[in-house]
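Asker:
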Amino acid sequence: MSDLMRSTWADYVTAIESAWFERTRQETLYLYHMPVETFWLLDDPGPQHYASLEAIVLTDVTVVDDLLGALVEKGGEPRVTPSLWPQRDRVVNSTTQFSCYRMRNAHPPPE
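Numbering follows my numbering, with no gaps: position 98 of the sequence shown is 98.
See the structure below:
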């Protein structure tokens, strides 16, 4: 277990910048279900991106109106923080599987 997960019983942790908290509470997410047979893992180990060379027909769509509630329901722990940069630096230097591809939306790192 990585040091980053030692302080929680959750299966995973999602960090949200406090500036994005209200928008996260109000946003709707559309979860697209697809058949898995033609997908392969692009980056193992890593953040686990999957790809398929075949056209995909959706099998279902789930609408999630309460993102934070859905995280908790699935065993996650949402954490609200003034800045994501300290967590990002710890995650990048850890053994934790992570994805930071949306850091372009974060406030600039502190100087």
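Even for Gly, the Cβ is constructed at its ideal location relative to N, Cα and C.
All figures in this text were calculated on a predicted structure; none of them were measured in a lab.
Which residues in the same chain as Asn93 place their Cβ atom closer than 8 Å to its Cβ, once the five residues preceding and following it in sequence are excluded?
Answerer: Exclusion of the five residues before and after Asn93 leaves no residue of its chain whose Cβ lies closer than 8 Å to its Cβ.
Asker: On the criterion of 16 or more Cβ atoms from any shown chain inside 10 Å, does Trp84 qualify as buried, or is it exposed?
Answerer: The residue asked about is misnamed: residue 84 is Leu in this sequence, not Trp. Result: buried.
Asker: Since His33 sits in a beta bridge, which residues does DSSP pair it with?
Answerer: Asp60
Asker: With a CB to CB cut of under 6 Å and the five nearest residues on each side skipped, what residues in its chain are close to Gln48?
Answerer: none
Asker: Going along the chain, which residues of its own chain have a beta-carbon closer than 6 Å to the beta-carbon of Asp60, five neighbours each way excluded?
Answerer: His33
Asker: Cα-Cα, which of Pro110, Leu68 and Val72 is closest to Arg88?
Answerer: Pro110
Asker: Whole-angstrom Cβ separation of Thr14 and Pro78, contact assumed at under 8 Å?
Answerer: 5 Å
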